[in-house]
Structure formats: C-alpha cells, structure tokens
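*Asks:*
In the working numbering, the protein residues as written are 165 to 439.
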C-alpha cells in the first residue's frame, strides 16, 4: 500500500483505539425534493451536531447527504458539491477530529473533491468494486479505477477511501456467486484503505459472523457501517476496527430525527467498556 495513501487511515484506524464515528445527516440540499433550508442554515445545523458528537467523545465524524432522497445515481450537480463544501468547511472550522465525507448515491468523485478542499481525512465510497442494483438504479461500473485516477490527478492521495462491500439498499443477484470475503479481497486488490460492512438497510445490524469472515479474508481495517447499538459493541469490536453510527444516536433511533443526548452518552460509555 502506498505510504502516503495509508497515512490518513492509519491515524484513525491504527488497530488499537477502536474509534466510534458519528454520522451527521446533512439536511436536504438545494434542488432536492425535500429542500427547505438555506445553505447557511444547513451548515449551522451540521456544525452544531458535529460539535455535540465531538464533545460527547466520538473520535471522528462523517458528513452524509442522507436527506437528499431519492438519490441520483453516481453523479450530483454542482449545487450539491458546492453546498457540501460550504457545510464541510464550516464543520472543519468547528471540530478538530477527523472528518469523512459521503455523497449519495455513489458520487465518490464529488466526495473526494469536497474532502480534499475541506481538509477531511476519508470518504465513504459506494460501488467501489463489482456491480449492484440499488434503489437509484444499476451501478454497473465499478468506481475503483476512475476514482483512484481522479484522486491522483488532483493530488488528493491523502484522502483515504473506505468502501462499502455488498452495498446496503441494493440487490446483489448479479453477484450472488460472490461472498463477503470475495468482495473484501477485491476491495483490497483495487486499492481501498478500509472496507465497510453493513446490514441490508440503514439501521440494520451487522452479524459478528460476517465480520469474522471478512477478517479472515483481508488485512484492511474493517468498519461497521450500520445498525450498531451499545450492547453489541463488545462483539463487534472483536473483529471490527471501527464503528460508524447514526440512527441509534437520534431520538427514537430514527435517522431523520435530532440527536438524543442520553443515547449519545450510552453509546460512548459502551464503547469505552468494549475497547
């Protein structure tokens, strides 16, 4: 693995600290069906959530345009990229912890650009290897080749690529002969810096057996990407190097709600016990 590319991931996922990464679900961006707030208001809300997460003890945060549903396939307009840049810059100025960027759906090139400009440390990439049929359509071209060439072209190799394997909210009938270990090996071969394992949908748990199988197949760091709850962390950390959490931290455990202080405290306390 290229040393320069590995640096950012190694700072966050060094194999010992088991970081917990809080998801900031950025409000609906300009031009999307549910848009209603100005970019300034969106930036203020995202910054507020990021500060709360950082002060509660989360080791990193990740910004995601979850409220932009239904999502575009692979590419978004300049209004989305520029808004995410404005919001990400505001968050970066307010917190010192590592930041990740995800732009749905599968807009990995735009995520790299935003992350590079705002001094983020990683992106979460969908469709990095193999193909899938997602709710936004057919993700027919694997992103790895074009994405890593784009990252190289803009001198953004310090931005680590964490990729989902067997993407949630998708049908994998066309790759039904490939198990999770095969996806993980392909991601490593194609240059990812970490793999993300999820349940079938947002908020669905990951089975420890799935993590164990991936652990046997790759030397890459493994990140849990959905459904994490405090009582599961000990089992998850037996195999995983980090956990991304969003839904559990919200009121009533629903991703679209505001943060719940009691849930934050519960999750951080459980992570400290599980490490």
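Note that beta-carbon positions come from the ideal geometry of N, C-alpha and C, so glycine has one too. Treat the numbers as computed from the prediction; the structure is a model and nothing was measured.
Given this structure, state the Cα-to-Cα distance separating residue 240 from residue 273, to the nearest angstrom.
*Replies:* Approximately 10 angstroms between the Cα atoms of the pair.
*Asks:* Classify residue 285: buried if its beta carbon has 16 or more other beta carbons within 10 angstroms, exposed otherwise.
*Replies:* That one is buried.
*Asks:* Go through the segment 326 to 379 residue by residue and report every complete run of the beta strand (DSSP E) that reaches 3 residues or more, in order.
*Replies:* The segment 326 to 379 contains these whole beta strand (DSSP E) runs: 358 to 361.
*Asks:* Could you give the first and the last residue of the continuous beta strand (DSSP E) run that contains residue 187?
*Replies:* 184 to 189 is the extent of the beta strand (DSSP E) around residue 187.
*Asks:* Check each candidate in 289, 178 and 303 and name the one with the smallest Cα separation from residue 355.
*Replies:* Checked all of 289, 178 and 303; the closest Cα to residue 355 is 289.
*Asks:* Is it true that the segment 204 to 213 meets the segment 264 to 280, where meeting means three or more beta-carbon pairs spaced less than 8 angstroms apart?
*Replies:* As far as the Cβ criterion goes, the segment 204 to 213 does not touch the segment 264 to 280, which means the pair count is below three.
*Asks:* Looking at the unbroken beta strand (DSSP E) that takes in residue 227, where does it start and where does it end?
*Replies:* Start and end: 224 to 228.
*Asks:* Look at the alpha carbon of residue 395 and the alpha carbon of residue 388, and state the distance between them as a whole number of angstroms.
*Replies:* If I take the Cα positions, the gap works out to 14 angstroms.
*Asks:* What's the gap between the Cα of residue 216 and the Cα of residue 412?
*Replies:* Answer to the nearest angstrom: the Cα atoms are 15 angstroms apart.
*Asks:* What would DSSP say about residue 166, mapped onto helix, strand or coil?
*Replies:* Annotation note: pLDDT 42 at residue 166 (below 50); position unreliable, coordinate value reported separately. Note: residue 166 maps to coil in three-state DSSP.
*Asks:* Where does the unbroken beta strand (DSSP E) through residue 288 begin, and where does it stop?
*Replies:* Unbroken beta strand (DSSP E) run through residue 288: 286 to 289.
*Asks:* So the beta strand (DSSP E) residue 302 belongs to, where does it begin and stop?
*Replies:* Taken as a continuous stretch (DSSP letters only), the beta strand (DSSP E) holding residue 302 covers 301 to 303.
*Asks:* Check the DSSP bridge columns for residue 266 and list the partner residues they point to.
*Replies:* Bridge partners of residue 266: 228.
*Asks:* Who are residue 423's beta bridge partners in DSSP?
*Replies:* Residue 423 pairs with 414.
*Asks:* Per DSSP, which residues does residue 406 bridge with? Please list them.
*Replies:* Answer is 387.
*Asks:* Within 10 Å of its beta-carbon, does residue 330 have 16 or more other beta-carbons around it, so buried, or fewer, so exposed?
*Replies:* Answer is buried; the Cβ neighbour count reaches 16.
*Asks:* Compute the distance between the beta-carbons of residue 358 and residue 381, then report whether it is under 8 angstroms.
*Replies:* No, Cβ-Cβ distance for residue 358 and residue 381 is not below 8 angstroms.
*Asks:* According to DSSP, is residue 296 part of a helix, a strand, or is it coil?
*Replies:* Strand, per DSSP.
*Asks:* Going by beta carbon distance, what residues of the same chain come within less than 8 angstroms of residue 168, once the five residues before and after it are set aside?
*Replies:* Bear in mind that a pLDDT of 45 at residue 168, under 50, signals an unreliable position, so the model cannot answer this.
*Asks:* Return the chain-ordered list of same chain residues with a C-beta closer than 6 angstroms to the C-beta of residue 222, the five sequence neighbours on each side being excluded.
*Replies:* These residues qualify, in order along the chain: 184 and 186.
*Asks:* Since residue 259 contacts residue 225 with CB under 8 angstroms, what's their CB separation in whole angstroms?
*Replies:* About 7 angstroms; that satisfies the 8 angstroms criterion.
*Asks:* Is it the case that the CB of residue 357 approaches a heavy atom of the ligand NAP more closely than 7 angstroms?
*Replies:* With respect to small molecules bound, the structure shown includes none, and the ligand NAP cannot be examined in it.
*Asks:* In angstroms with no decimal places, state the Cα-to-Cα distance between residue 191 and residue 236.
*Replies:* Using only the alpha carbons, I get a separation of about 16 angstroms.
*Asks:* Can you tell me whether residue 341 is buried or exposed, with buried defined as 16 or more other CB within 10 angstroms of its CB?
*Replies:* It counts as exposed.
*Asks:* Quick one: give me the first and last residue of the alpha helix (DSSP H) that residue 310 is part of.
*Replies:* Start and end: 308 to 317.
*Asks:* Since residue 324 sits in a beta bridge, which residues does DSSP pair it with?
*Replies:* Answer by DSSP bridge pairing, in chain order: 286.
*Asks:* Quick one: what's got a C-beta closer than 7 angstroms to residue 374's C-beta in the same chain, skipping five residues either side?
*Replies:* If we look at residue 374 and ignore the five residues flanking it on each side, its Cβ neighbours are 344 and 361.
*Asks:* Where does residue 417 land, buried or exposed, given buried means 16+ other C-beta within 10 angstroms?
*Replies:* Exposed, because fewer than 16 other Cβ atoms sit within 10 Å of the Cβ of residue 417.
*Asks:* For residue 244, count neighbouring C-beta atoms within 10 Å of its own C-beta (all shown protein chains included) and say buried if the count is 16 or more, exposed if not.
*Replies:* Buried.
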